[in-house]
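**Q**
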Amino acid sequence: MLQGKKFILGISGGIAAYKCAQLTRLLVKEGAEVQVIMTKLAKQFITPLTMATLSKRPILVEFFDPENGAWNSHVDSGLWADAMIVAPATANTMGKMANGVADNLLITTYLSARCPVFVAPTMDLDMYQHPSTQRNMSTLRSYGNHLIEPNAGELASGLVGKGRMAEPEEIVAELKDFFAKKEKQDLSGKKVLVTAGPTHEKIDPVRFIGNYSSGKMGYALAEELADRGAKVTLVSGPTQISTLNPNIERINVVSAEEMYEASSSRFEQMDAAIMCAAVADYTPVHKADEKMKRNDNELSVELKATTDIAAALGEKKSDKQVLVGFALETQDAMSNAQKKLIKKNLDFIVLNSLKDKGAGFNSYTNKITIIDKHNKIKEFSLKSKADVASDIVDELVGCL
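If you count by our numbering, then the sequence shown holds residues 1 to 400, one letter each, in order.
Here it is, written out as structure tokens:
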């Protein structure tokens, strides 16, 4: 699967740098080419000679060769690669990546790269758990980078916890899975509509009714569909997530009505639609043009129901179209999901519960159950939302 692939391996200064020898060896054994870029501090943990011997290519550290002045072009490297791997990715390096601090060759190459980027964090458990590190990792994910979660275990400090860089074999498996999906292309020629994120229902110019949806699940679905060859129309409510895949056309909306109009007007041209957005069920009847001033009396906001987008599309879908819905429940989950499945004329529905730890809004994981129109039920374990998206798209492919 990795035969002929070109990889940039960016090594930063962490104790886990020693694992890069085995990672490089495994990639070369798979038939890949590996160009290693090291930070100056990384040379204190593993020698350039070791990495050059294993990669069979000169190691790049500086912007130019001090011996002859030859320029090491970060732009050319970024264009050459099929993927970039930053491993180990220290807290310092991830902070620079997240904030564009381009003070070394590794970071400038990252900022120039047009290929997918895989990041394998490593650090002590308190550094990993620090809010700044978590924020930087969240930012990197929002840019479209693939974070390979560290393992838990004994760390260099002697403490035990999460922070061990993923093993080389795990990183190679992640790369194989990624390229397998790209080469699979089982949705080539298909057009799929995806809704994602929350909607904001305006009360006045500064207030709205909304929910906690981050859009992560919908965006993961859009990326998975696009990686497998589909032309994706992503109708997104307000989020902080970026899209990089050229197969994704993003349409930004704010309100439930805007999301309905954007989805309904495009549905006829689609082979399938996945209704993943957390659409507000109600919107204010009256929307004030000026900010409503606070007073000592109670305030009542009259609400009316919004258009049920999934149900509206279910009424107009043809026999050749597949419609997928989501059900986020807190009680009677299975019963409520099955009712929605029938009422909205869905081909299958994805159920998740806020009572499941790690599932629901704002997390990077989810735990789902898929129920189809023949009442066939498939339960899945807690997974990353990227892996959940793969399971959902597999089900969609079966329906198509």
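We treat Cβ as the ideally placed atom computed from N, Cα and C, and that holds for glycine.
Can you list, in chain order, the residues of its chain whose CB lies under 7 Å from that of Ala256, leaving out five sequence neighbours each side?
**A** If we look at Ala256 and ignore the five residues flanking it on each side, its Cβ neighbours are Thr199, Glu201, Val279, Ala280, Thr283, Thr306, Thr307.
**Q** Given a cut-off of 8 Å on the beta-carbon distance, is the pair Val86 and Ala120 in contact?
**A** Yes; because the gap between Cβ atoms is below 8 Å, this pair is in contact.
**Q** Skipping 5 residues on each side, what residues in its chain have a beta carbon closer than 6 Å to that of Glu290?
**A** Closer than 6 Å at the Cβ level, and outside the excluded window around Glu290, lies no residue.
**Q** Quick one: grab the DSSP three-state call for Lys184.
**A** It is helical.
**Q** Kindly identify the DSSP beta-bridge partner or partners of Pro284.
**A** For Pro284, which the question treats as bridged, DSSP gives the partners Leu303.
**Q** State the Cα-Cα distance for the pair Asp65 and Thr47, rounded to the nearest angstrom.
**A** In a straight line, the C-alpha of Asp65 is about 17 Å away from that of Thr47.
**Q** Where does Ala98 fall in DSSP's three states?
**A** Three-state DSSP puts Ala98 in a helix.
**Q** Have a look at Ile274 and Ala226 and give me their C-alpha separation to the nearest angstrom.
**A** For Ile274 and Ala226, the distance between alpha carbons rounds to 13 Å.
**Q** How many angstroms separate the CA atom of Asn92 from the CA atom of His74?
**A** For Asn92 and His74, the distance between alpha carbons rounds to 20 Å.
**Q** Thr365 and Gly358: beta carbons closer than 8 Å?
**A** Closer than 8 Å, so yes.
**Q** Figure out for me which residue from Ile392, Asp391, Lys367 has the closest Cα to the Cα of Leu382.
**A** If we check each option's Cα against that of Leu382, Lys367 comes out closest.
**Q** Quickly, what does DSSP pair Gln35 with across the bridge? List them, please.
**A** According to DSSP, Gln35 bridges with Ile8.
**Q** With 16 as the cutoff for other CB atoms within 10 Å, does Thr172 come out buried or exposed?
**A** Going by the sequence as given, residue 172 is Val instead of Thr. By the neighbour-count rule (16 or more Cβ atoms within 10 Å), Val172 is buried.
**Q** List, from N- to C-terminal side, the alpha helix (DSSP H) runs of 4 residues or more that fit wholly inside the stretch 187 to 237.
**A** 216 to 227, all fully within the stretch 187 to 237.
**Q** Which ranges would you report for the beta strand (DSSP E) in the stretch 12 to 63 if only whole runs of at least 3 residues count?
**A** Here the runs fully enclosed are 33 to 38.
**Q** Measuring straight from C-alpha to C-alpha, what distance separates Gln405 and Lys231?
**A** The chain is shown only over 1 to 400; residue 405 falls outside these bounds and no answer can be derived.
**Q** Exposed or buried, what is Pro116 when buried is set at 16 or more other beta-carbons lying within 10 Å of its beta-carbon?
**A** Counting Cβ neighbours within 10 Å, Pro116 comes out buried, since at least 16 surround it.
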